[in-house]
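In full-length UniProt numbering, the protein residues as written are 1 to 507.
Ideal placement from N, C-alpha and C gives every residue a C-beta, glycine not left out.
None of these values were measured; they are calculated from a predicted model.
Here's the structure we're looking at; comments come further down.
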């Protein structure tokens, strides 16, 4: 274990293939560092020192206890790292260093959703609905993949560029619970008290209904700016979660539409089976009360989640990455990591952070997530039948021959889902861009911005095409429509065809 973190920082200790550079946060569950990987990219590395907080006297776990924890940690981390969704902050890498488990995420600046609620006023009901669409799409997908969050709150949901919602901390509480069970022989719950479901507080089994309860508390907090239950102590708040009904929203905010109180009562029912059965049902009930014209979004959200989950890799026996392919590494080595080279990289911070801006790597963030599109399709989306391989490396190839009729732009296997590749266009400076959308279709556009002709760039952070000159943003999943001006016209679509041999050509 890392006994002296200050020394580790001052000496620039290497944790596996990562060099520690700076302490970002002293979190109760373990310190969070800025680090560099071997490619020189910034990452955020989090050491999980659960045994120190589970054992105030710092009783060292037995070798058997430690191996049990590392095995459970590996299993949970493997499930989380397999999640691939535009609104989930995914895991880039994980492993153990001198017996201490660690998690690695990209390094980028994000704003906790809780910051919105400290600015003096709550978002309007329409804005809350847009946040919920993104949050619930992530939960719907995770549940389709049989992964629970367990600890959802405004402290572990973040905003990128003030509009793109990202959920963090999938699996972190479960890892913490594994430590408690092993070192303290207890089933104690240590998640956010403001969103604790009764079954969690009672040490009972949890399921998708547990996340539904937390979703109810989240909606209350977003609409009112206050937690649903408040008290002088954690125990007081927990007691209310066990026995009290949620207060009427109208006692905190008078402009709440009729019907939302009923939503709260159902989402936060004490008996799990009395709650909504899936996250999308919560969104449906919300829009029935707030904006019925948005109800079609719910059907699209479910369809997207089911299809994306269908691409989720089946559980496999896990091996650990090595400098050479085919050499497995044991979890109890001084440094062992499970490289997530198949993941679109992004960030995650530990939750419950009081930092206004959570630092975590824009360079790596841009390699992981794209906005999950509607599956309704667009005129220039081209489906692909084969399952693509993935890589965290941005694919950009300027050596492709200048396209003419039926010239090959790329092969499907060369562009992972939620990534893009540029290619030259004849007789013009700006290239074209080929995007592999998360519904497994390909689209292509001329990158020339319709505002003043700058070349837009694909952001794997958001899945959008963004102009670096004046800030215009376009949505490749919806015919490159304008999401943000000053541009007011979509990008020019390029017609492409996916051949049966996997080659992609421009018509």
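Using CA atoms only, rank isn't needed, just tell me which of the options is closest to residue i.
| i | options | result |
| --- | --- | --- |
| residue 219 | 122, 293, 146 | 122 |
| residue 492 | 42, 501, 474, 106 | 474 |
| residue 244 | 260, 258, 254, 264 | 264 |
| residue 102 | 18, 146, 38, 133 | 18 |
| residue 84 | 306, 451, 431, 485 | 306 |
| residue 519 | 216, 236, 275, 234 | In the structure as shown, the chain starts at 1 and stops at 507, and residue 519 therefore has no counterpart that could be examined. |
| residue 279 | 226, 262, 211 | 211 |
| residue 462 | 161, 136, 46 | 161 |
| residue 410 | 426, 308, 432 | 432 |
| residue 177 | 128, 72, 112 | 72 |
| residue 96 | 232, 296, 48 | 48 |
| residue 298 | 496, 70, 139 | 139 |
| residue 78 | 284, 414, 146, 135 | 146 |
| residue 118 | 35, 137, 226 | 226 |
| residue 66 | 87, 98, 81 | 98 |
| residue 195 | 444, 175, 234, 486 | 234 |
| residue 445 | 267, 507, 81 | 507 |
| residue 269 | 214, 294, 291 | 214 |
| residue 453 | 466, 460, 87, 442 | 466 |
| residue 193 | 230, 459, 141, 205 | 230 |
Using DSSP with H/G/I as helix, E/B as strand and the rest coil, what is residue i?
| i | result |
| --- | --- |
| residue 198 | helix |
| residue 380 | At residue 380 the pLDDT is 42, less than 50, meaning the model places this residue with poor confidence; the figure from the coordinates comes in the next sentence. Coil. |
| residue 274 | helix |
| residue 417 | coil |
| residue 95 | strand |
| residue 490 | coil |
| residue 268 | coil |
| residue 465 | strand |
| residue 497 | strand |
| residue 62 | coil |
| residue 410 | strand |
| residue 167 | strand |
| residue 422 | strand |
| residue 474 | strand |
| residue 260 | helix |
| residue 172 | helix |
| residue 323 | In this prediction, residue 323 has a pLDDT of 29, which is less than 50 and means its spatial position is unreliable; what the coordinates show is noted afterwards. It is coil, neither helix nor strand. |
| residue 14 | strand |
How many whole angstroms separate the CB atoms of residue i and residue j, which I take to be in contact at a CB cut-off of 8 angstroms?
| i | j | result |
| --- | --- | --- |
| residue 223 | residue 154 | The pair is not a contact, with the Cβ atoms about 12 angstroms apart (cut-off 8 angstroms). |
| residue 447 | residue 456 | 5 angstroms |
| residue 108 | residue 45 | The Cβ separation is near 14 angstroms, so there is no contact. |
| residue 151 | residue 173 | 4 angstroms |
| residue 68 | residue 113 | No, residue 68 and residue 113 are not in contact; Cβ-Cβ is about 35 angstroms, not under 8 angstroms. |
| residue 413 | residue 502 | 6 angstroms |
| residue 437 | residue 477 | 5 angstroms |
| residue 132 | residue 308 | Not a contact, Cβ separation roughly 18 angstroms. |
| residue 30 | residue 286 | About 36 angstroms; that fails the 8 angstroms criterion. |
| residue 276 | residue 289 | Residue 276 to residue 289, Cβ: 14 angstroms. No contact. |
Just to confirm the assignment, what range does the beta strand (DSSP E) spanning residue i have?
| i | result |
| --- | --- |
| residue 35 | 30-36 |
| residue 22 | 18-27 |
| residue 42 | 42-48 |
| residue 159 | 157-160 |
| residue 446 | 441-446 |
| residue 235 | From DSSP, residue 235 is part of no beta strand (DSSP E) but of the alpha helix (DSSP H) over 234-243. |
| residue 484 | 481-484 |
| residue 457 | 457-459 |
| residue 118 | Note, residue 118: premise wrong, no beta strand (DSSP E); not H, not E. |
| residue 432 | 432-436 |
| residue 505 | 503-506 |
Just reading off the alpha helix (DSSP H) that residue i is part of, what are its end residues?
| i | result |
| --- | --- |
| residue 127 | 125-144 |
| residue 253 | No alpha helix (DSSP H) contains residue 253, which DSSP labels as neither H nor E. |
| residue 107 | Here residue 107 belongs to no alpha helix (DSSP H), and DSSP marks it neither H nor E. |
| residue 304 | 296-310 |
| residue 216 | 208-224 |
| residue 284 | 279-290 |
Go ahead and label residue i buried or exposed: buried means 16 or more other beta carbons lie within 10 angstroms of its beta carbon, across all protein chains shown.
| i | result |
| --- | --- |
| residue 489 | exposed |
| residue 469 | exposed |
| residue 200 | buried |
| residue 449 | buried |
| residue 202 | exposed |
| residue 232 | exposed |
| residue 258 | exposed |
| residue 20 | buried |
| residue 127 | exposed |
| residue 262 | exposed |
| residue 136 | buried |
| residue 369 | Confidence is the limiting factor: at residue 369 the pLDDT is only 38, short of 50, which leaves the residue's position unreliable and the question unanswerable from this model. |
| residue 255 | exposed |
Do we get a CB-CB distance below 9 angstroms when we pair residue i with the residues of chain C?
| i | result |
| --- | --- |
| residue 458 | Among the chains of the structure shown, chain C does not appear; only one protein chain is present. |
Comparing the CB of residue i with every heavy atom of the ligand ADP, is any distance shorter than 8 angstroms?
| i | result |
| --- | --- |
| residue 202 | Among the ligands in the structure shown, none appear at all, so the ligand ADP cannot be discussed. |
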